[in-house]
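So in the UniProt record's numbering, spot 67 of the sequence shown is number 67, and the numbers just go up one at a time. The next block holds one structure in the form of structure tokens; read it before the comments.
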Amino acid sequence: MVSSNTPATPTARPRKARGEGQWALGHREPLNPNERSKKDDNPLNVRARIENIYAHGGFASIDPADLRGRFRWWGLYTQRKAGIDGGRTAILEPEELEDEYFMLRVRIDGGGLNLAQLRTIAGISTEFGRDSADLTDRQNIQLHWIRVEDMPEIWKRLEAVGLQTTEACGDCPRVVLGSPVAGISTDEVLDGTPAIDEIIKRYVGDPRYSNLPRKFKSQVSWLADGPYETNDISFVGVEHPDHGPGFDLWIGGGLSTNPRLAERLGVWVPIGEIPDVWEGVVGVFRDYGYRRLRHRARLKFLLADWGVAKFREILEKEYLGRALLDGPAPELPAKPIDHIGVHKQRDGRNYVGAAPVVGRSSGTQLSKLADLTEAAGSDRVRLTAYQKLLVLDVAEENVEGLIRGLREIGLEARPSAWRRGTMACTGIEYCKLAIVETKARGQELVTRLEERLKDFDADISIHINGCPNACARTQVADIGLKGQLVMNSRGEQVEGFQVHLGGGLGMAQGQSSGFGRKVRGLKATAEELPEYVERVARNYLAGRTDGEAFAN
Ligand code: SF4
């Protein structure tokens with residue numbers, strides 16, 4: 001374990017505060033259509049219209065401003081019409097790209113599901129979602145093929161077991177990530193889950209925080225076992241020499257086309273104060289965040305212009321009314337922690353981490369997973385921010401039976417390095433912004449690499465993204481792939497990827513976290529991709545020195 005230092009502040013062009021649409025500076029008139037839509041009607045209000053009007057009138061009855069804007073606050077996006085190639089993504093109008101079906105994101109704050117919840121999601125998937133279910137890299141489960149007519153019944157079922165889709169998407173506080181091993185890990189000193197629960201109870205669905213400049217991504221976790229440096233706000237566990245265990249506050253991370261790692265504010269927050277401090281940071285973002293251009297609206301842009309010291313001062317003086325305690329930097333892991341395999345819990349039982357391929361699951365698989373979990377004597381499953389899952393509380397005598405059962409349903413607790421380290425975003429199959437296919441490509445890639453480099457023994461991460469938005473964290477993978485159209489050797493425009501090499505989160509092998517380098521001119525067609533990755537991997541194997549990680 002090594003100590004972190006505050007990441008260097010990237011240089012940012014100073015910009016004039018005025019004209020950015022900041023509420024705190026008196027700019028309340030919307031400067032773009034998204035801001036107009038949010039001002040016209042609080043997006044949370046669309047739930048009543050879905051239940052009372054659209055569910056009866058069907059897709060054709062939906063007001064376009066609700067359909068393409070406010071629906072997201074309830075986890076609903078229209079999905080891409082089948083058969084539209086990536087070359088037409090930027091050309092077509094939204095209504096030409098979209099299908100009459102929806103993607104529905106179920107938020108699973110902290111990543112924990114009990115069997116009743118797992119079975120409920122599985123049932124909704126098979127009954128209403130054509131058996132679709134993807135494990136996302138934010139501990140959500142995403143369903144597809146959902147009809148607006150079915151939403152009242154779906155909400156009824158989800159809410160009966162304590163699940164919700166409230167603010168699962170939209171310019172609002174999205175799912176709060178937690179450690180998949182919170183409360184059971186032998187390495188954890190303080191479980192952050194009560195703080196997550198309190199944030200959800202107090203602020204999710206609260207109209208005061210439902211109109212933010214852009215999405216707001218959070219994490220509370222003693223262990224740095226999620227993408228804490230790419231969130232808008234993260235609380236990471238740290239021991240204070242005088243005050244004991246608490247949390248170190250990071251803010252302003254985000255990827256997409258202007259990637260930026262989060263920075264430490266340098267403060268120590270006791271667990272009981274996390275919800276208030278979280279609310280303060282959201283308040284700063286709501287009031288001072290930029291609302292003129294969508295692509296400059298995330299918290300990271302405000303932080304880049306202000307710097308950490310000013311942000312802390314405003315937070316303390318205007319929002320908390322008190323000074324925060326200075327705090328030490330947390331201990332960070334030498335490499336990302338994915339919890340795959342069999343591990344001891346602090347109560348002597350085990351948890352088993354298993355991998356689907358690139359997060360693709362199904363209602364059928366989740367239903368069988370629930371049966372296996374129950375047969376292993378457990379009531380708890382957790383999702384990870386790496387599109388993987390864990391079964392908790394497994395007695396020693398049940399471990400091998402569970403692993404066999406998981407394997408039979410397509411979940412592997414002893415996966416190859418390829419399956420373990422590969423993630424893919426939604427891609428062209430369903431996403432209206434996509435330029436290329438991702439999930440099927442990811443599955444083909446893993447299969448091919450497992451055949452050709454079966455015994456590859458290093459940790460490697462491959463993140464496949466269907467466009468520059470980097471939902472599967474392009475820039476922080478060993479091999480990050482950004483979908484775009486490229487020329488093949490015959491001069492034809494085809495699906496392909498810009499390659500980023502050598503990115504990583506955490507303190508990979510003693511090096512600071514950092515973004516992968518875009519390799520100048522290096523683009524691979526989708527067809528060439530398996531061969532390209534194989535070549536990179538073979539070069540690494542041939543040239544590595546003792547213990548040298550792929551990331552190096
Ligand atoms: Fe869609 Fe692009 Fe995000 Fe992939 S990275 S899910 S293609 S927006």
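By construction, the Cβ of each residue, glycine as well, lies at the ideal position given by its N, Cα and C atoms.
E273 and K310 have their C-alpha atoms some 21 Å from each other. When Cβ pairs closer than 8 Å are counted between the two stretches, the stretch 413-427 is seen not to touch the stretch 371-381, the count staying below three. Assigned with DSSP and collapsed to three states, N350 falls in strand. Per DSSP, A48 is one residue of the alpha helix (DSSP H) stretching across 46-49. The three-state secondary structure of Y430, taken from DSSP, is coil. The residue from E400, E528, S361 with its alpha-carbon nearest to that of T136 is S361. Under DSSP, the beta-bridge partners assigned to R360 are D134, V357. Sequence-distant partners of A24 (beyond 5 residues in either direction) whose C-beta falls short of 6 Å from its own C-beta, in its chain, are D287, Y288. In the DSSP assignment, V394 falls within the unbroken beta strand (DSSP E) covering 389-394. Exposure of K201 is indicated by the presence of fewer than 16 other C-beta atoms within 10 angstroms of its C-beta. One alpha carbon belongs to D393, the other to L158, and they sit about 24 Å apart.
Just so you know, the alpha carbons of R107 and T426 end up roughly 16 Å apart. Residues of the same chain with a CB within less than 7 Å of the CB of W145, apart from the 5 flanking positions on each side, are Y101, G129, R130, S132 in chain order.
Contact annotation, I251 with D232: C-beta distance approximately 7 Å; criterion of less than 8 Å satisfied.
With a cutoff of 8 Å, L481 does not count as near ligand 1, since its C-beta is closer than that to no heavy atom of the ligand. With 16 or more neighbouring CB atoms inside 10 Å of its own CB, S125 falls in the buried class.
Straight across, the Cα-Cα distance linking V499 with A55 is about 43 Å.
Separation of G466 and G504 (C-alpha to C-alpha, rounded to the nearest whole angstrom) is 19 Å. Counted as a single uninterrupted DSSP element, the beta strand (DSSP E) harbouring I462 occupies residues 462-465. Closest by C-alpha distance to L115, out of L529, A376, I464, Q79, is A376.
Between the C-alpha atoms of P333 and A224 there is a straight-line separation of about 7 Å. Your pair G205 and T166 checks out as a contact, with CB atoms roughly 5 Å apart and the cut at 8 Å. In the three-state reduction of the DSSP assignment, P330 falls in the coil class, being assigned neither a helical nor a strand state.
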